[in-house]
Every structure is written in C-alpha cells, then in structure tokens.
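Read through the structure below, which is laid out as structure tokens, and then see the notes.
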Amino acid sequence: MGKAPMRETLAALFLRQCGYRGDEPVLDPMCGSGTFVIEAAEIAAGLEPGRARRFAFEDLATFDAPRWAAMKSATQAVAPAQRFFGSDRNAGAVRMAMDNAARAGVAEWVTWAEQAVSDIRPPEGPPGLVIANPPYGARIGNRKLLFGLYGALGKTLMERFSGWRVGIVTSDGGLAKATGLPFLPTTPPVAHGGLKITLSMISAHQEQPAGIASSSKLYSG
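Okay, so the sequence shown: first residue is 83 according to this note's numbering, each after it adds one.
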C-alpha cells in the first residue's frame, strides 16, 4: 500500500508542534520517503531549512547567484548527539528514503529498516519522539482496511515505547482513535494536497513487556 508524501515544510511544522528541538532521537515507523526523519536530522545538525529549494527571486534580473550560494554554504552541519530511525515495510520506500537522506547530507546519522509496524522496537538509548504519517483512506487505500494497521501501530507503541512521545498525522480522526492511544486534543487542521490533516499527540506509554521478538533488515546511512 502506498502513502501520501509529506512536504518538508509540513514535516518541520509537525516536528516543532511535537516539541522537537533537535536534542532527542526520532523514529518514523512508516517513513515512506523519509521526510520526518530527514527533517529531524537536519534540525539537529543545524542545517538551514530550504537550502536546496529554488525560490522565485532567483529569476530576477538583479539576483546575485554567487552571493546567494555563499550565504547557503555559510552554515556548516554539526554532528548531532542523537541518531534517527526510519522504517517501512516497503523495500522501495526504504531505498528512496536512503537516497533522499544522502542528498540531504544526513545519511550518516540515520538508520533505516525494512519492517512492518508490528516489528518495530525502540533503539538503545534515551526515549524520544515517534512520529508518523500513516496512510488514510481519503487519499490512499480502503479506509476499512486501515483500521487494523492503525490498531497494530497503537498496540506496538503502547507495549514497547514506554516514555516516548508520539505524533500521528492523519486526516481521519476515526483512524487515529483506532490506535487506542490516549491522544491530547488535535492541533488545528492544516491543508495538505486538498485534505485537512491534523496532528494527534501523546506523551507516554505503558511499560514494555518482556520477550517480544523482532525481525527486521537494518540499513545504516
């Protein structure tokens, strides 16, 4: 099943709304093209947002290309203390995310995995933020089939991610509720590709039970 891509600007907005400041690990269990994880790594590394974007003012006759290039290159990345993690059950999505991370200059700080949401486990180290943009029926797939996916995500997070904050982006409040997570009130809706999407957040989960097996293919950037 495919998923709707998340714009970099929206990913940065939702990360900030989750309280992310670049000093904690971030994990996206449905990473798709890797936008959330890459944006989180860029923020942590002090890389300027939009540095690879082309702006309309670059077409002006008075545009000074060398000066603009110098301004963009003035900020050097600082290796973050934390690491970042993205996974997806789709091998093609994982490969695309890896390529995107390499182009963004953050590949060395990100670990990618090909796995289902039911197989994810928290990485070693302190807790941080789990953030995801799961499929939602208004755009992709059959809504009825997605309840099981959201339920599996919520069950995994409640069982294994004690102490982690969570952010789920969706256009469908019913699907968010299917996770079983005790979300705070959603953020105001934001336009995204003709839909209105919101962020649902939670700050902590139940203790992780022992003996849960995990199977995954890991790829380090």
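All C-beta atoms, glycine included, are put in the ideal place defined by N, C-alpha and C. All values derive from a computational prediction rather than experimental measurement.
{"query": "What residues match up with L211 in a beta bridge as DSSP calls it?", "result": "V108 and R247"}
{"query": "Count the other CB atoms within 10 Å of the CB of G128; is the residue buried (16 or more) or exposed (fewer)?", "result": "exposed"}
{"query": "If R225 sits next to D201, beta carbons under 8 Å apart, how far is it from one beta carbon to the other, in whole angstroms?", "result": "Not a contact, Cβ separation roughly 24 Å."}
{"query": "Per the contact definition of three or more C-beta pairs closer than 8 Å, is the region 97–113 in contact with the region 165–175?", "result": "yes"}
{"query": "Just verifying my parser: in three-state terms, what is the DSSP assignment at G116?", "result": "coil"}
{"query": "Ordered along the chain, which non-local residues of its own chain (more than five positions away) have a Cβ less than 8 Å from that of C100?", "result": "L211, I213, R247, G249, L281 and M283"}
{"query": "Per DSSP, which residues does F167 bridge with? Please list them.", "result": "L109 and T193"}
{"query": "Roughly how many angstroms separate the alpha carbons of G245 and S285, rounded to a whole number?", "result": "7 Å"}
{"query": "From the DSSP output, read off the bridge partner residues of L277.", "result": "H274"}
{"query": "Check whether the Cβ atoms of P107 and Q164 lie closer than 7 Å to each other.", "result": "yes"}
{"query": "Please state the DSSP three-state secondary structure of G84.", "result": "Its pLDDT being 43, under 50, G84 is placed unreliably by the model, and the measurement read from it follows with that caveat. Reduced to three states, the DSSP call for G84 is coil."}
{"query": "Go ahead and pull the three-state DSSP assignment for I284.", "result": "strand"}
{"query": "Note down the Cα distance separating F96 from E90, rounded to an integer number of angstroms.", "result": "10 Å"}
{"query": "Could you tell me which of P267, Y218 and L231 sits nearest to K278, measuring between CA atoms?", "result": "Y218"}
{"query": "What's the gap between the Cα of T268 and the Cα of A143?", "result": "45 Å"}
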